[in-house]
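Chemist:
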Amino acid sequence: MKIDQFKTRSKVRTISDHLVTSLAVIATALVVTPLVAIFIYLVYKGASSLNFAFFTQVPKPVGEPGGGMANAILGSGILLGLASCIGVPIGISGGIYLAEFGRGTKLANAVRFTADVLNGVPSIVMGVAIYALIVNPQKHYSAFSGGVALGIMMIPTVCRTTEEMLLMVPHAVREAALGLGVPNWRSVLSITLKTASPGVITGCMLAFARVAGETAPLIFTALGNQFWSTSLNQPIAALPLQIYVYAISPYDDWHRLAWAGALVLIILIVLAVSLVRYVTSRGVLKGAS
Amino acid sequence: MVLCAFSIFGIVILIAWQLILRSQLAWDKFGMSFFYQVFTDSYTQQKLYWDPVNEHFSALPFVFGTLVSSFLALLLAVPLAVGLAIFLTEMCPRALRGPLAFLTELLAAIPSVIYGLWAVFVLVPLLREHVNPLLIRSLGWTGLFGDDNPTGLGFVAAGVILAIMILPIISSLTREVMTAVPHSQREAVLALGATRWEMIRMAVLRNARIGIVGAIILGLGRALGETMAVTMVIGNSPEIHHSLLANGSTMASVIANEYAEASADMHLSALTEIGLALFIVTIIVNALAQLLVWAVTRGAPRQAH
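Heads up: the protein sequence lines correspond to chains R and E, in order. For the first sequence, this note's numbering gives the first residue as 45, with consecutive numbering after it. For the second sequence, this note's numbering gives the first residue as -12, with consecutive numbering after it.
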């Protein structure tokens, strides 16, 4: 190869290298921009409309200024409490099975695979299934059906994070317990699970935060409610549902409340995600090895 | 424990069984033609797809809407997501990597209804005032960007918000499969005198391509089933237009809009059948994606040693 050909070739290579580098930087900037824009806009709009009444009052009728989302916050709390009662115990037990008893077996692999696939099933489909299963036989919308829908959605997430956290516990810990003559089930419950508990708890919080923002499965299970309601047998208000209804309404005052609700929801979720990241990155679990 | 683990199988079977049971009515009446039939309005002689009052049900406009909005989203999201993953794994200074990864993780955790809220009040006005006129002026001749919808809602708005929502999923999985490529491969290519881009192309992308395809398919699965944000910006009309700026409707959005208000059995049954179709499609898409990602992240490190 002639020397000038070589020079042009290497120049082309250097330029294409720089080109791709700058493209990657531009892509990163383009990804970060909407996120920052969403957050700034949310905080700006939400903070200006968040006040004490938001947390203490129920929605006012259309046309009257003021009012809050106290019933929606309470409703979300009830729904999430119910969902956790279903999702957390089943999810954790499933995770323990995957990590401790069924490790490496074909059955456990199938369960793991199904859990991952179930995680990707659209939440609206879950809503339709729960409608068919609970709302239709009961002949009315209820908080109970909404809670069940959210609870079922929690199971795969909790199950998979529990498994991952348990697998992070070093083998030496298990062997030490077994070496002392502790039966296997006891070692799993009071040694492995206990060592992994910070991770398992944050995993549950992550699932909690995920379903806290779910709207689609609630539209035709919990339905929403303009008034105070704590009965599990009645339609109940929920924060994301209220945000949805207010956002597509034509009233400025309702838009304001939607932004405030969105800010409250996002603060809850950011807290949960940061906590998870803090626990997993600090290596609370790895410290045991 | 075993029982709890098996409850996951139980849930899948229960969902499938309920959906099949409740969609029986529509299935018996229309069969497979539910997904492609076209009705004609007896007064205006125009095409008609979805008319609950006269019991005309065809899922065609919703299938069309779901496909168009999802592919639009993939078109926008894939280059950005792969670029971000390349930047984060291969180029990023160590100090920036943590915060950037955290930011994308947060993007994944924002509820869909909040994306929808933002899209309704920020994205749609932006598109209406600035982007759509530009698209019509520069690309109007293709026929894809018609000038007949002044609201700013429509497929473009839905595609953009979907792209923002599936970006973090695609990019975090791409990053995972890229880090699974063994270091010795990178070092070998670099030792032969390759530039960084050549190293990325030859060592990283070539080895991770199956996993990246898996990540993209997983993103597609999310986009197909995404409900709230799309419902809020797509305009919700059961029609088929060739303009991307026209109003449309997706399978998920029609369920979200009409299910709670449907009273006729046939209407409910038709909506449930759309839900069943969505369930089956997302299960297939997700299973495929999961298998591809597993093939890379599991096989690669073992081969390296």
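We put the CB at the ideal spot given by N, CA and C, even for glycine. Predicted, not measured: the structure shown is a model, and the values here were computed from it.
Give every residue of the same chain whose Cβ lies closer than 7 Å to the Cβ of E:A13, excluding the five residues on either side of it in the sequence, and list them in chain order.
Modeler: The residue labelled residue 13 of chain E in the question sits at position 26 within the second sequence. Correct list, in chain order: F21, F44, M253, S256, A257, E260.
Chemist: Tell me which residue opens and which closes the alpha helix (DSSP H) that R:G228 is part of.
Modeler: Residue numbering aside, residue 228 of chain R sits at position 184 when the first sequence is read from its first letter. According to the sequence displayed, residue 228 of chain R carries Asn and not Gly. Counting along the chain, the alpha helix (DSSP H) containing R:N228 begins and ends at 228 to 231.
Chemist: Taking the alpha carbon of E:A95 as the point to measure from, which residue in R:G257, R:P109, R:V289 has its own alpha carbon closest?
Modeler: Counting from 1 along the second sequence, the entry for residue 95 of chain E is found at position 108. With distances taken between Cα atoms, E:A95 lies closest to R:G257.
Chemist: Counting only runs that start and end within the stretch 78 to 149 of chain R, where is the alpha helix (DSSP H) found for 4 or more residues in a row?
Modeler: Listed in chain order, the complete alpha helix (DSSP H) runs (minimum 4 residues) inside the stretch 78 to 149 of chain R are 96 to 100, 114 to 140.
Chemist: So, are the CB atoms of R:F98 and R:A304 less than 8 Å apart?
Modeler: Here residue 98 of chain R is taken as the residue at index 54 of the first sequence, counted from 1. Here residue 304 of chain R is taken as the residue at index 260 of the first sequence, counted from 1. Going by C-beta atoms, R:F98 is nearer than 8 Å to R:A304.
Chemist: Where E:T218 and R:L210 are concerned, what is the direct C-alpha to C-alpha distance, given to the nearest angstrom?
Modeler: Working through the second sequence from its first residue, we reach residue 218 of chain E at position 231. Working through the first sequence from its first residue, we reach residue 210 of chain R at position 166. So the two alpha carbons sit approximately 39 Å from each other.
Chemist: Please state whether DSSP places E:G352 in a helix, a strand or coil.
Modeler: Not covered by the structure: residue 352 of chain E. The range shown for chain E is -12 to 292.
Chemist: Counting Cβ pairs, one atom from each stretch, are 3 or more of them under 8 Å apart for the stretch 42 to 61 of chain E and the stretch 177 to 189 of chain E?
Modeler: The stretch 42 to 61 of chain E, when compared against the stretch 177 to 189 of chain E, does not touch it at the 8 Å Cβ threshold.
Chemist: Classify E:W105: buried if its beta carbon has 16 or more other beta carbons within 10 angstroms, exposed otherwise.
Modeler: As a working mapping, residue 105 of chain E is identified with position 118 in the second sequence. E:W105 comes out buried.
Chemist: Checking the sheet assignment: what are the DSSP bridge partners for E:G222?
Modeler: Within the second sequence, the letter at position 235 stands for residue 222 of chain E. Answer is E:G235.
Chemist: Flag this pair as yes or no: are the beta carbons of R:A266 and R:A282 separated by less than 8 Å?
Modeler: For the purposes of this step, residue 266 of chain R is taken as the residue at position 222 of the first sequence. For the purposes of this step, residue 282 of chain R is taken as the residue at position 238 of the first sequence. Going by C-beta atoms, R:A266 is nearer than 8 Å to R:A282.
Chemist: Do you know offhand how far E:I160's Cα is from R:S186's?
Modeler: Looking up residue 160 of chain E in the second sequence gives position 173. Looking up residue 186 of chain R in the first sequence gives position 142. According to the sequence as given, residue 160 of chain E is Leu; it is not Ile. For E:L160 and R:S186, the distance between alpha carbons rounds to 38 Å.
Chemist: Comparing the C-beta of R:A253 with each C-beta of chain E, is any distance below 8 Å?
Modeler: Position 209 of the first sequence, counted from the first residue, corresponds to residue 253 of chain R. Chain E contact via Cβ: present.
Chemist: In chain order, what residues of the stretch 164 to 183 of chain R put their CB closer than 9 Å to some CB of chain E?
Modeler: Those residues of the stretch 164 to 183 of chain R that come within reach of chain E (Cβ to Cβ, closer than 9 Å) are G164, V165, P166, S167, I168, V169, M170, G171, V172, A173, I174, Y175, A176, L177, N180.
Chemist: Helix, strand or coil for E:L35, going by three-state DSSP, please let me know.
Modeler: Against the second sequence, residue 35 of chain E aligns to sequence position 48. Here E:L35 sits in strand by DSSP.
Chemist: Could you list which residues in chain R have their beta carbon closer than 7 Å to that of E:G208, in chain order?
Modeler: Residue 208 of chain E sits at position 221 when you count from the first residue of the second sequence. Those within 7 Å of E:G208 in chain R are G164.
Chemist: With a threshold of 8 Å between beta carbons, is R:G90 in contact with chain E?
Modeler: By 1-based counting over the first sequence, the position of residue 90 of chain R is 46. No, because no Cβ of chain E sits closer than 8 Å to the Cβ of R:G90.
Chemist: Is there contact between the stretch 219 to 234 of chain R and the stretch 270 to 285 of chain R, where contact requires at least three CB pairs shorter than 8 Å?
Modeler: With a cut-off of 8 Å, the stretch 270 to 285 of chain R and the stretch 219 to 234 of chain R do not count as touching, because too few Cβ pairs lie within range.
Chemist: Return the chain-ordered list of same chain residues with a C-beta closer than 6 Å to the C-beta of R:P269, the five sequence neighbours on each side being excluded.
Modeler: Indexing the first sequence from 1 puts residue 269 of chain R at position 225. For clarity, residue 269 of chain R is Asn in the given sequence; the question names Pro instead. Contacts found: P279, I280, A281.
Chemist: Compare the Cα-Cα distances from R:L124 to each of R:A91, R:I196, R:V161 and report the closest residue.
Modeler: Start at 1 with the first residue of the first sequence, and residue 124 of chain R comes out as number 80. Considering only alpha carbons, the answer is R:I196.
Chemist: What are the boundary residues of the alpha helix (DSSP H) that includes E:Y246?
Modeler: By one-based count along the second sequence, residue 246 of chain E stands at place 259. Premise fails: E:Y246 is in no alpha helix (DSSP H) and is neither H nor E.
Chemist: Could you spell out where the alpha helix (DSSP H) holding R:F252 opens and where it closes?
Modeler: Looking up residue 252 of chain R in the first sequence gives position 208. 237 to 256 is the span of the alpha helix (DSSP H), which, as asked, contains R:F252.
Chemist: Taking 8 Å as the threshold (C-beta atoms), are R:I168 and E:A239 in contact?
Modeler: The sequence position of residue 239 of chain E within the second sequence is 252, counting from 1. The sequence position of residue 168 of chain R within the first sequence is 124, counting from 1. The answer is yes: Cβ separation under 8 Å.
Chemist: DSSP three-state call for E:I0: helix, strand or coil?
Modeler: Along the second sequence, read from residue 1 onward, the residue named residue 0 of chain E stands at position 13. It is helical.
Chemist: Is E:M19 buried or exposed, if buried means 16 or more other CB atoms sit within 10 Å of its CB?
Modeler: Counted from its first residue, the second sequence places residue 19 of chain E at position 32. Its Cβ having fewer than 16 others within 10 Å, E:M19 is exposed.
Chemist: Identify, in the order they occur along the chain, each residue of the same chain with its Cβ nearer than 6 Å to the Cβ of E:L275, setting aside the five sequence neighbours on each side.
Modeler: The residue labelled residue 275 of chain E in the question sits at position 288 within the second sequence. Once the five neighbours on either side are set aside, the close Cβ partners of E:L275 are I204.
Chemist: E:W184 touches chain R at which residues, Cβ-Cβ below 9 Å?
Modeler: Position 197 of the second sequence, counting from 1, holds the residue named residue 184 of chain E. Ordered by position in chain R, the residues that pass the 9 Å Cβ test against E:W184 are R57, S60, D61, H62, L63, V64, T65.
Chemist: Buried or exposed: which applies to R:F50, given that a residue is buried once 16 or more other Cβ atoms fall within 10 Å of its Cβ?
Modeler: Residue mapping note: residue 50 of chain R aligns to position 6 of the first sequence, counting from 1. Flag for R:F50 reads exposed.
Chemist: With distance defined between alpha-carbon atoms, name the residue in R:T206, R:R204, R:A240, R:T205 nearest to R:V340.
Modeler: No answer is possible for residue 340 of chain R: the residues shown for chain R start at 45 and end at 333.
Chemist: Measure the alpha-carbon distance for E:E213 versus R:A143 and round it to whole angstroms.
Modeler: Start at 1 with the first residue of the second sequence, and residue 213 of chain E comes out as number 226. Start at 1 with the first residue of the first sequence, and residue 143 of chain R comes out as number 99. Cα to Cα, E:E213 sits roughly 31 Å from R:A143.
Chemist: Using alpha carbons as the reference points, say which of R:T246, R:I82, R:G111 lies closest to R:L301.
Modeler: Taking the first sequence and counting its residues from 1, one reaches residue 301 of chain R at position 257. Measuring from the Cα of R:L301, the nearest candidate turns out to be R:G111.
Chemist: Quick check on this structure: which residue in E:P80, E:L62, E:F132 has the alpha carbon closest to the alpha carbon of E:I151?
Modeler: Numbered from 1 along the second sequence, position 164 holds the residue referred to as residue 151 of chain E. Here the closest residue by C-alpha is E:L62.
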